[in-house]
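Top line first, the protein sequences correspond to chains W and X.
For the first sequence, my numbering begins at -18 and goes up steadily by one.
For the second sequence, my numbering begins at -4 and goes up steadily by one.
Heads up, the beta-carbon is just placed ideally off N, CA and C, and yes, glycines get one too.
Computed from a predicted structure; not experimentally measured.
Heads up: the structure comes next, in structure tokens.
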Amino acid sequence: MPVLLQLQHAGLIPLQTKGTKVKLIIATIKPFKLEEVREALTDIGVRGMMVTEIKGFGSQSGHTEIYRGAEYAVNFVPKVKLEIVVNDAMADQVVDTITKTAKTGKIGDGKIFVLDVAQAVRVRTGETNEDAV
Amino acid sequence: MKSLKWLPLAAALATVPVMGLAQTAEAAPAVDNAFIFNTLLFLIGGFLVFWMAAGFAMLEAGLVRSKNVTTQLTKNIALFSIAAIMYWLVGYNLMYPGDGWWMQGVLGPIFATADITGEPALETGYATGSDFFFQLMFCATTASIVSGTLAERIKLWPFLIFTVVLTGFIYPIEASWQWGGGFLSEMGFSDFAGSTLVHAAGGFAALAGALILGPRLGKYKDGRVNPMPGSNLALATLGTFILWLGWFGFNGASQLALGTEADANAVAIIFANTNMAAAAGAVAALILTQILYKKVDLTMVLNGALAGLVSITAGPLDPTLFGALWIGAVGGVIVVLAVPFLDKLKIDDVVGAIPVHLIAGFWGTLAVPFYTEGTSFVTQILGFAIVGGFVFVVSIVVWVILKATMGIRVSEEAEVNGLDVSELGMEAYPEFTKG
């Protein structure tokens, strides 16, 4: 047996699976796009999401303001962060949907990151992983 | 038979003079309407000026950052209450010695508590209590000017101790020189409702405090001015409107009489001029900030309205409406230029009280001879300098003593975390807290 496989079977290095069963999708979008994105996601079957108001910057820099004669730079721009946990099967569709609906074509549209979820649990029933999302 | 119908009414009317007689030994021929109207003017003016305390509280609460709001509100209600007590304890008789001057025209009795009991003082033309009530409000106004400038880094109790000295002694003494019949009034100095006696005096006390206290941390760094925007401009605007309303009492009731047609006419003129000056100050600030910064600054417009009000306060009766307009407008211009100027000098005035009350107060005092006969620019400047010098020097002394004994500034950590948490242990907006 190849050394790599031996080590994997011994549990000393993680098994290389195609991908775990549950994905966490983190997306930053422009705040006014939230309602549109939420509606589109629920239309494709997403049953839950977490929304946080954040500040940030990327290629879109801030702007200057003036208060009582003194100028100051506002370096951060308000954004909304979405965190959506779905089955592996649905993940690509979620990414596509967000990309389509959150896009304006102008700088500052945001980014999407997909992460593996090691474990998911539904508090009420105790269901795990794919049954929890 | 017909005449009997009127018998009950006639009997009732016949008892009226008898009811009056029950009060006084000699017959009171008619009701002293002038006494009643004068008293009413003081009472109404008094509670309008009281309402200015709410105005200051809202204005200051709105212009400080969230973490300092509760402390600022506490200072405002506390200083008003302290002023009320000190004015009774010491201030009223110190300001109006009457026959009781210790040093004629200069210093009244230091330990004479106010007494408003007794028969209606018909000989003065108004109820003593109404005069006490009204003048007390002016004393409190002077104290509230100081709290705005020193916000966000001063310790609560040293500030309140300064308030005790300001309201019990500093203000009553300097006001006695003019309104108490002291040497300034004999000089021909003219300050109708207190551009110098209240506003510039408060401004000088605030300036003294700002110099001894120092600017906020991070305000002036590496040659830059770092703005610290206020937490709630809606409150700041509300506060300004409340002050504007209260000012009708501040200036209007300073006519000190409503018992004749001429007095009523005068109060009407004063109300109108006061309003015009505020409006002109606001518009002047509106236009000037647009020109200077390509954008209007609401906080400057608010300050502009207040500066207009301060500017007309020394002489709200004699100018025409156009006079009130340009006097108020100059006040607005002063404020827009003075705010960044103070920053250049590294004097940190959180709400702009020094430009609004001290500098516009000087302008208001100076503008009097344009419309009031019998006054002169020289006397006005001299009176301003005397009052200002006295208030400034004594205030510096008090602040220095407070700094040396108990310290007047919170620690760096406390200032960074916010006075609400460090001085009071409570927050103004606990549901929106980060921690």
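Per DSSP, what kind of secondary structure is ALA17 (chain X) in: helix, strand or coil?
-> Translated into the one-based positions of the second sequence, residue 17 (chain X) becomes position 22. Note that ALA17 (chain X) has pLDDT 48, beneath the 50 cutoff, so the model's placement of it is unreliable and no number is given.
Secondary structure of LEU43 (chain X), DSSP reduced to three states | Position 48 of the second sequence, counted from the start, is the residue given in the question as residue 43 (chain X). Three-state DSSP puts LEU43 (chain X) in a helix.
In chain order, what residues of the same chain have a beta carbon less than 6 Å from the beta carbon of VAL387 (chain X), not counting five sequence neighbours either side?
-> Counted from its first residue, the second sequence places residue 387 (chain X) at position 392. A small fix is needed here, since residue 387 (chain X) is Phe in this sequence, not Val. Apart from sequence neighbours up to five positions away, the residues of its chain that approach PHE387 (chain X) with a beta-carbon distance below 6 Å are PHE199 and ALA203, ordered along the chain.
Whole runs of the alpha helix (DSSP H) within the stretch 287 to 354 of chain X, excluding any shorter than 4 residues = Those alpha helix (DSSP H) runs which fall completely within the stretch 287 to 354 of chain X and span 4+ residues are 293 to 308 and 316 to 339.
How should GLN173 (chain X) be labelled, buried or exposed, when 16 other C-beta atoms within 10 angstroms of its C-beta is the threshold for buried?
-> The residue given as residue 173 (chain X) occupies position 178 in the second sequence. When all chains shown are included, GLN173 (chain X) counts as buried.
What residues from chain B crowd round LYS398 (chain X), counting only those whose CB sits closer than 9 Å?
-> Absent from the structure: chain B. Protein chains present are W and X.
Pick helix, strand or coil for ILE105 (chain X), following the three-state DSSP scheme.
-> For this step, residue 105 (chain X) is matched to residue 110 along the second sequence. DSSP places ILE105 (chain X) in coil when its eight states are reduced to three.
Kindly indicate the opening and closing residues of the alpha helix (DSSP H) around ASP126 (chain X).
-> By one-based count along the second sequence, residue 126 (chain X) stands at place 131. If you look at ASP126 (chain X), you'll find it in the alpha helix (DSSP H) that goes 123 to 144.
Near-chain W residues of the stretch 58 to 78 of chain X (beta-carbon distance less than 9 Å), N- to C-terminal order | For chain W, none of the residues of the stretch 58 to 78 of chain X brings a beta carbon within less than 9 Å of one of its beta carbons.
Quick one: is ALA17 (chain X) buried, meaning 16 or more other Cβ sit within 10 Å of its Cβ, or exposed?
-> Taking the second sequence and counting its residues from 1, one reaches residue 17 (chain X) at position 22. Model confidence at ALA17 (chain X) stands at a pLDDT of 48, short of 50, so the residue's coordinates are unreliable; what they give is reported in the following sentence. When all chains shown are included, ALA17 (chain X) counts as exposed.
DSSP three-state assignment for ASN270 (chain X), whether helix, strand or coil = Position 275 of the second sequence, counted from the first residue, corresponds to residue 270 (chain X). Judged by DSSP in its simplified three-state form, ASN270 (chain X) adopts helix.
The beta strand (DSSP E) with GLY37 (chain W) in it runs from where to where?
-> Here residue 37 (chain W) refers to the residue found at position 56 when the first sequence is read from its first residue. Where GLY37 (chain W) is concerned, the enclosing beta strand (DSSP E) stretches over 31 to 37.
Based on the DSSP secondary-structure assignment, which residues constitute the bridge partners of LYS60 (chain W)?
-> Taking the first residue of the first sequence as position 1, residue 60 (chain W) is located at position 79. LYS60 (chain W) pairs with W:ILE35.
Whole-Å CB distance - ASN227 (chain X) paired with GLY57 (chain X), under 8 Å assumed | For the purposes of this step, residue 227 (chain X) is taken as the residue at position 232 of the second sequence. For the purposes of this step, residue 57 (chain X) is taken as the residue at position 62 of the second sequence. About 4 Å; that satisfies the 8 Å criterion.
Please work out which residues of its chain come closer than 7 Å, Cβ to Cβ, to PHE133 (chain X), disregarding the five sequence neighbours upstream and downstream, and give them in chain order.
-> Locating residue 133 (chain X) in the second sequence gives position 138, where the first residue counts as 1. Only VAL44, GLY189 and VAL193 meet the Cβ criterion.
If you drop the 5 nearest sequence neighbours on each side, which residues of the same chain put their C-beta closer than 8 Å to that of ALA116 (chain X)?
-> Position 121 of the second sequence, counted from the first residue, corresponds to residue 116 (chain X). Cβ within range, chain order: ALA122 and THR123.
Is the stretch 153 to 166 of chain X in contact with the stretch 284 to 295 of chain X, if contact means three or more CB pairs nearer than 8 Å?
-> Three or more beta-carbon pairs separated by less than 8 Å are not found between the stretch 153 to 166 of chain X and the stretch 284 to 295 of chain X, which leaves the two stretches without contact.
Proximity of ARG404 (chain X) and MET223 (chain X) at Cβ, strictly below 8 Å | Walking along the second sequence from the start, residue 404 (chain X) turns up at place 409. Walking along the second sequence from the start, residue 223 (chain X) turns up at place 228. Cβ atoms of ARG404 (chain X) and MET223 (chain X): not closer than 8 Å.
Could you please give me the residues that DSSP links to ALA248 (chain X) through a beta bridge?
-> Position 253 of the second sequence, counting from 1, holds the residue named residue 248 (chain X). Looking at the DSSP output, ALA248 (chain X) bridges to nothing.
What number of angstroms, rounded off, separates the C-alpha of ASN110 (chain W) from the C-alpha of VAL27 (chain W)?
-> The sequence position of residue 110 (chain W) within the first sequence is 129, counting from 1. The sequence position of residue 27 (chain W) within the first sequence is 46, counting from 1. Taking the straight line from one Cα to the other gives about 15 Å.
Members of the stretch 42 to 73 of chain W near chain X, C-beta cut-off 7 Å | Among the residues of the stretch 42 to 73 of chain W, those with a Cβ less than 7 Å away from any Cβ of chain X are ILE47, TYR48, ARG49, GLY50, ALA51 and TYR53, in the order of the chain.
Rounded straight-line distance, which links the Cα of ILE6 (chain W) to that of ALA72 (chain W) = Along the first sequence, read from residue 1 onward, the residue named residue 72 (chain W) stands at position 91. Along the first sequence, read from residue 1 onward, the residue named residue 6 (chain W) stands at position 25. C-alpha of ALA72 (chain W) to C-alpha of ILE6 (chain W): approximately 8 Å in a straight line.
Using alpha carbons as the reference points, say which of X:ALA380, X:MET271, X:GLY177 and X:LYS62 lies closest to GLU426 (chain X).
-> Taking the second sequence and counting its residues from 1, one reaches residue 426 (chain X) at position 431. The candidate whose alpha carbon is nearest that of GLU426 (chain X) is X:LYS62.
For VAL98 (chain W) versus VAL32 (chain W), is the C-beta spacing smaller than 8 Å?
-> Counted from its first residue, the first sequence places residue 98 (chain W) at position 117. Counted from its first residue, the first sequence places residue 32 (chain W) at position 51. By the CB criterion at 8 Å, VAL98 (chain W) and VAL32 (chain W) fall outside the cutoff.
At 9 Å on the CB atoms, spell out the chain W contacts of THR294 (chain X), in chain order.
-> Counting from 1 along the second sequence, the entry for residue 294 (chain X) is found at position 299. Chain-ordered, the chain W residues with CB closer than 9 Å to the CB of THR294 (chain X) read TYR48 and ARG49.
Per-residue DSSP class, three states only, for ASP27 (chain X) | By 1-based counting over the second sequence, the position of residue 27 (chain X) is 32. Coil.
Please name the residue in X:GLY113, X:PRO167 and X:ALA146 whose C-alpha comes closest to that of ASN88 (chain X).
-> Residue numbering aside, residue 88 (chain X) sits at position 93 when the second sequence is read from its first letter. Comparing Cα-Cα distances from ASN88 (chain X) to each of X:GLY113, X:PRO167 and X:ALA146, the minimum goes to X:PRO167.
Could you give the residue range of the beta strand (DSSP E) that holds ALA136 (chain W)?
-> Because chain W spans -18 through 114 in this model, residue 136 (chain W) falls outside it and cannot be assessed.
Apart from the five residues just before and just after LEU432 (chain X), which ones in its own chain have a Cβ nearer than 6 Å to its Cβ?
-> For chain X, the structure presents residues -4 to 430; residue 432 (chain X) sits outside this window and is missing.
Mind reading off the beta-carbon distance from LYS14 (chain W) to ALA83 (chain W)? Whole number of angstroms is fine, and I expect it under 8 Å.
-> Residue mapping note: residue 14 (chain W) aligns to position 33 of the first sequence, counting from 1. Residue mapping note: residue 83 (chain W) aligns to position 102 of the first sequence, counting from 1. The C-beta separation of LYS14 (chain W) from ALA83 (chain W) comes to about 5 Å, placing the pair in contact by the 8 Å criterion.
Do we get a CB-CB distance below 8 Å when we pair ASP343 (chain X) with the residues of chain W?
-> Taking the second sequence and counting its residues from 1, the one referred to as residue 343 (chain X) is at position 348. The C-beta of ASP343 (chain X) comes no closer than 8 Å to any C-beta of chain W.
CB contact flag (LYS11 (chain W), GLY91 (chain W), <8 Å) = Residue 11 (chain W) sits at position 30 when you count from the first residue of the first sequence. Residue 91 (chain W) sits at position 110 when you count from the first residue of the first sequence. Contact: yes.
Buried or exposed: GLN(-13) (chain W), going by 16 or more other Cβ atoms within 10 Å of its Cβ?
-> To locate residue -13 (chain W), count along the first sequence from 1; it is residue 6. So GLN(-13) (chain W) counts as exposed.
Enumerate in chain order the residues of its own chain whose CB-to-CB distance from THR370 (chain X) is below 7 Å, with the five nearest sequence positions on each side excluded.
-> In the second sequence, counting from the first residue as 1, residue 370 (chain X) sits at position 375. GLY183, SER185, VAL363 and PRO364, listed in sequence order.
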